Amino acid sequence: QTEIPQTNTHTKRLTHLPPLLPPLLSSLTQTSPPPFFQSSQNKPITAAMPEAPKPTQTSNGLTTIAIAEKNKRTLQFIEDVTSNPDDVQTQVLHEILSRNSAVEYLHHRHRLHGATDRRTFKKLLPVISYEDIHPDITRIANGDTSPILCSSPISEFLTSSGTSAGERKLMPTIAEEMERRSLLYSLLMPVMSQFVPGLEKGKGMYFLFIKSESKTPGGLPARPVLTSYYKSSHFKNRPFDPYTNYTSPNETILCPDSYQSMYSQLLCGLCQRTQVLRVGAVFASGFIRAIRFLEKHWQLLCRDIRSGTLDPTVITDPAVREAVLTKVLHRPDPELADFVESECRKDSWQGIITRLWPNTKYVDVIVTGTMSQYIPTLDFYSNGLPLVCTMYASSECYFGVNLNPLCKPSEVAYTLIPTMAYFEFLPKERQELVDLADVKLGHEYELVVTTYAGLYRYRVGDVLRVAGFKNRAPQFNFICRKNVVLSIDSDKTDEVELQGAVKNAVDAHLVAFGGSVAEYTSYADTKTTIPGHYVLYWELSVKGTTAIPPSVYEDCCLTVEESLNSVYRQGRVSDKSIGPLEIKIVEQGTFDKLMDYAISLGASINQYKTPRCVKFEPIVELLNSRVEGSYFSPKCPKWVPGHKQWSNNVKN
């Protein structure tokens, strides 16, 4: 794959294009995805969009098209859309703008007046962030059904892991987006099967969960994108497909109690251990939590396997009990219980995945971005199985797929599928935005999207680097989220938020003792505890004579947590995906030592400033060597589903 020569692309207004969705997506409501959860010519384009394969269902739910033929058609679709991405993007933009031409945002506010060409679009519409459309989102959330952003009715809000003013961002979506997401999902296993044949002959053990949801004051659901999908008919009523044949019955995934859900999914995975060919979760952190859960509860699991029953004090959800007992746990299996017990009793858990699930070919989890910190732990548990990142997606939009899934995690590159949205890219140098076909190899960009659901030139906040090309479509390494300092799971804490949280804790608890924080930094500790937790290193300046008791530092921990965003607090309270925050008090002069170390590695003394987050292991070791005291948050911070200003019923 080599860099393709680039051209300028200013296309005339298009007037005779066929609609994209009916031919492309009408049949995909029957396609169920795997679980996750990354014209050069100045003339009209009149050719039809490349079509995704259309499986025909028979009465028993199996396709009449052979799996190999279906995969071939899917791969040809990828070839088609990556061979002329600029033409496809031109058509996507035309359709988005034409169908939404009368909405308030385009017609009245920015006076697009029905134009659908790129030149006018880029001239009249600004590049925006969430704060720019927050008033519009609020109007829709409060019940305004007029076409503000989108001509189609907003069906629900997808809650982002990114936050605004401490609350989850609300991304509008429309009913047809479920089909568009299904299109991207349908590409994953045909790609994977090129590298790992025979996956249709076994099952996938994926740990999938729903999260709490709420309703806006106007009555629209507000929930994470995967919760929306798992509760949809696309997932619950999916026809049989060998690529979506999971060890977990739907009822175990849809159980609102995270403990019962995890327990029952692990139990089902153990009972079907020889059929499992792939394992995974959305994030690496979630998969490691599942293994940690097994470490803590294998004795209970073995007892239920041995007896062929479910302990009624452990699994109380009637739907879960019925599903597990009728579909999986058919009879006592003392032989399996003995085997699992013998493996779990061993001193080392290295390779536990391949020991318990011996036919596993790979681990399917996100290990790019901040999730890369979990790679050593995954390698330990899996005996070095391939770590596969299949797709790139967010609450705003689903973006692309990894066409080389067995690559090293550090080399993961996602090919953006041009039919998903209209993509633009903001260079680091803050020049004019460039189109998908005009990005340059090796350059870094911030992703900007225009979606069918009403986001126009919206800054997603992801920084991507062009790693190569698939035909004429660029492939991107995910570099980072802009401004994120700390992250354990889906939480994202930036420097400004962390600074405010530290200030709140100092003002509330240390000032009374004449204390202040002279310097601080932070660390996302995913090695010493599972789940991981935030660590703050504080060097104090104390003018008072009264010693500061340990309980004050513990109160500081809790105040910091109370000051962080709702995604962090949900991870602590509901999802149990983040451990208690820790404050480590370090000796006087520690941050001078830190600066000396940085300068010894080549940093300029004139330009040095204390990093607000550290990751380099020697620096963490230096900080830990000078700790005088360590304190943890004594309880969970306050959190309730929904935005704090909403007084509505909450669903679990």
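The numbering of the sequence shown is UniProt numbering, which starts it at 1 and goes up by one. All residues carry an ideal CB built from backbone N, CA and C; glycine is no exception. Quick caveat: nothing in here was measured; it's all calculated off a predicted structure.
#1: Enumerate in chain order the residues of its own chain whose CB-to-CB distance from Pro641 is below 7 Å, with the five nearest sequence positions on each side excluded.
#2: Does the Cβ of His330 have 16 or more other Cβ atoms within 10 Å, making it buried, or fewer, making it exposed?
#3: Terminal residues of the continuous alpha helix (DSSP H) containing Arg223?
#4: Does the beta-carbon of Asp333 have 16 or more other beta-carbons within 10 angstroms, so that it is buried, or is it exposed?
#5: For a cutoff of 8 Å on Cβ pairs, would you count Arg273 as touching chain B?
#6: Sort out for me which residues DSSP pairs Pro474 with in a bridge.
#7: Can you check whether the CB of Leu93 is closer than 8 Å to the CB of Thr116?
#8: Just curious, the alpha helix (DSSP H) that Tyr597 is in, first and last residue?
#9: For Lys440, which of helix, strand or coil comes out of DSSP?
#10: For His330, which of helix, strand or coil comes out of DSSP?
#11: Which whole-angstrom value describes the C-beta separation of Val401 and Leu106, a residue pair presumed to lie in contact below a C-beta threshold of 8 Å?
#12: Who are Thr216's beta bridge partners in DSSP?
#13: Buried or exposed, going by whether 16 or more other CB atoms sit within 10 Å of the CB of Ala413?
#14: At the level of alpha carbons, what is the spacing between Phe235 and Asn250?
#15: Using the C-alpha atoms, what's the distance from Val448 back to Thr46?
#16: Which parts of the UniProt domain "GH3 C-terminal" (498-617) are runs of the alpha helix (DSSP H), unbroken and 4 residues or longer, counting only runs that do not cross its ends?
#17: Tell me, to the nearest whole angstrom, how far the beta carbon of Lys635 is from that of Leu558; I am working on the premise that it is less than 8 Å.
#18: In the DSSP assignment, what residue or residues form a beta bridge with Ser487?
#19: How would you write the range of the alpha helix (DSSP H) that Ala284 sits in, first residue to last?
#20: Tell me, please, which residues DSSP counts as bridged to Tyr206.
#21: Which of the three DSSP states, helix, strand or coil, is assigned to Gly269?
#22: Between which two residues does the alpha helix (DSSP H) harbouring Glu69 extend?
#23: Measuring straight from C-alpha to C-alpha, what distance separates Leu124 and Lys482?
#24: Rounded to whole angstroms, how far is the Cβ of Thr82 from the Cβ of Ala473, which I believe are closer than 8 Å?
#25: Starting from Pro427, trace the beta strand (DSSP E) both ways and give me its first and last residue.
#26: What separation, rounded to the nearest whole angstrom, lies between the Cα atoms of Leu325 and Asp304?
#27: Looking at Cys302: is its Cβ nearer than 8 Å to the Cβ of Glu335?
#28: Just checking my contact of Tyr362 with Val320 at CB under 8 Å: how many whole Å lie between their CB atoms?
#29: Start and end of the alpha helix (DSSP H) containing Asp144?
#30: Name the residue from Arg572, His113, Leu441 and Thr610 whose alpha carbon lies nearest to the alpha carbon of Ile530.
#31: Which residue comes first and which comes last in the beta strand (DSSP E) that contains Val401?
#32: Going by DSSP, which residues form a beta bridge with Glu446?
#33: So, for Arg465: in the same chain, excluding its five sequence neighbours on each side, which residues have a beta-carbon less than 6 Å away from its beta-carbon?
#34: Look at the alpha carbon of Glu179 and the alpha carbon of Ser232, and state the distance between them as a whole number of angstroms.
#35: Roughly how many angstroms separate the alpha carbons of Pro611 and Thr521, rounded to a whole number?
#36: How big is the Cα-Cα spacing for Lys584 and Tyr631?
On the basis of the coordinates in this document:
#1: Ser212, Glu213, Ser214 and Val650
#2: exposed
#3: Element bounds for Arg223: not the alpha helix (DSSP H) but the beta strand (DSSP E), Pro221 to Arg223.
#4: buried
#5: The displayed structure is made up of one protein chain only, and chain B is not part of it.
#6: Phe469
#7: yes
#8: Thr590 to Ser600
#9: coil
#10: coil
#11: That belief does not hold up - the Cβ atoms of Val401 and Leu106 are roughly 30 Å apart, past 8 Å.
#12: DSSP, once it has assigned bridges, lists no residue as partnering Thr216.
#13: buried
#14: 8 Å
#15: Residue confidence for Thr46 is low, a pLDDT of 36 falling below 50, so the modelled location carries little weight; the figure read from the coordinates is stated next. Computed Cα separation, rounded: 26 Å.
#16: 550-563, 566-573 and 590-600
#17: 7 Å
#18: Answer is none; Ser487 lacks a bridge partner.
#19: Ala284 to Ser307
#20: Gly280
#21: helix
#22: Ile67 to Ser83
#23: 26 Å
#24: 4 Å
#25: Tyr422 to Pro427
#26: 11 Å
#27: no
#28: That belief does not hold up - the Cβ atoms of Tyr362 and Val320 are roughly 28 Å apart, past 8 Å.
#29: No alpha helix (DSSP H) contains Asp144, which DSSP labels as neither H nor E.
#30: Arg572
#31: Tyr398 to Val401
#32: Leu426 and Val463
#33: Glu444, Asn477 and Ile479
#34: 11 Å
#35: 6 Å
#36: 6 Å
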